[in-house]
Amino acid sequence: MKKLLLTLALALFLTNTSTAQDFKKYIGVSIGAAIPQGDLADAAKTGLDLGLINAGYRFNETWGATVNWGATSHASKEGDVTIGVGYFAVGPMISFGDFDFKPQYAFSSVSMKSGGMELDEDVESAWIIGATYNYSLGGNWGLAANLDYFTFTIEDAEDSDSIMKFSVGVQYKF
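Pasting the structure below:
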């Protein structure tokens, strides 16, 4: 299984087509699964990831910048609690053909709701290590397949929490 995953990753990494580079800018939206990892997985179920703004600007064929704004929502494994994690992330974008690597610093917040009560938690630091495969639909439109590892530390918490996000989206390129 590891060899298959390594082969697929290498194939995506070495693919060098020009469709992602035909346009300097893009903006899009995405939807997918948000899978809690580590200790968070003990408390929260797999949830929904919404990418409300996925934007990028290419300086040249390799380097660019990205901005992402979105949120994940999870039901608690115990009780009637909903957990929401919002983020606004910025960072560089490194492109290899249709494949983009996006390490980003994220401004984040965590909200928990139970019944009529709501608790908001401050987040000390958050990072997203992301990868996107871009697929052109022709003209100015395209599809994006995203894989993101989102890690964050709630203020005064001993350990960080993390979420693996798998999503697909649509892009408008200009």
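Just so we're aligned: the sequence shown equals residues 201 to 374 in my numbering.
Even for Gly, the Cβ is constructed at its ideal location relative to N, Cα and C.
This one's a predicted model, so the numbers in the text were calculated from it and none came from an experiment.
With fewer than 16 other CB atoms across the displayed protein chains lying within 10 angstroms of its CB, Thr262 is exposed.
Cβ contact annotation for Tyr305 (same chain, cutoff 7 Å, sequence separation greater than five): Ala289, Val290, Gly291, Trp327, in chain order. DSSP lists no beta-bridge partner residue for Lys224. When DSSP assignments are scanned along the region 265 to 313, the uninterrupted stretches of beta strand (DSSP E) that are 3 or more residues long and fall wholly within it turn out to be 281 to 296. The alpha carbon of Phe301 has as its nearest neighbour, out of Gly270, Asn334, Asp239, the alpha carbon of Asn334. Contact check for Thr272 against Lys365 passes: the beta carbons are separated by less than 8 Å.
Comparing alpha-carbon positions, the option among Gln371, Tyr287, Lys313 lying closest to Glu278 turns out to be Lys313. In this structure, the CA atom of Val368 is about 11 Å from the CA atom of Asn254.
If the five residues before and after Gly286 are omitted, its C-beta is found closer than 7 Å to the C-beta atoms of Ala271, Ser308, Ser309, all from its own chain and listed in chain order.
For Ala241, the secondary structure class from DSSP, reduced to helix, strand or coil, is helix.
Close CB contacts of Ala345 within its chain, under the 6 Å cut and outside five residues either way in sequence, are with Tyr333, Val368 (chain order).
Approximately 15 Å separates the beta-carbon atoms of Glu321 and Ile363; this is outside 8 Å, ruling out the contact. Counting every other CB atom within 10 Å of its CB across the protein chains shown gives Lys373 a total of 16 or more, marking it as buried.
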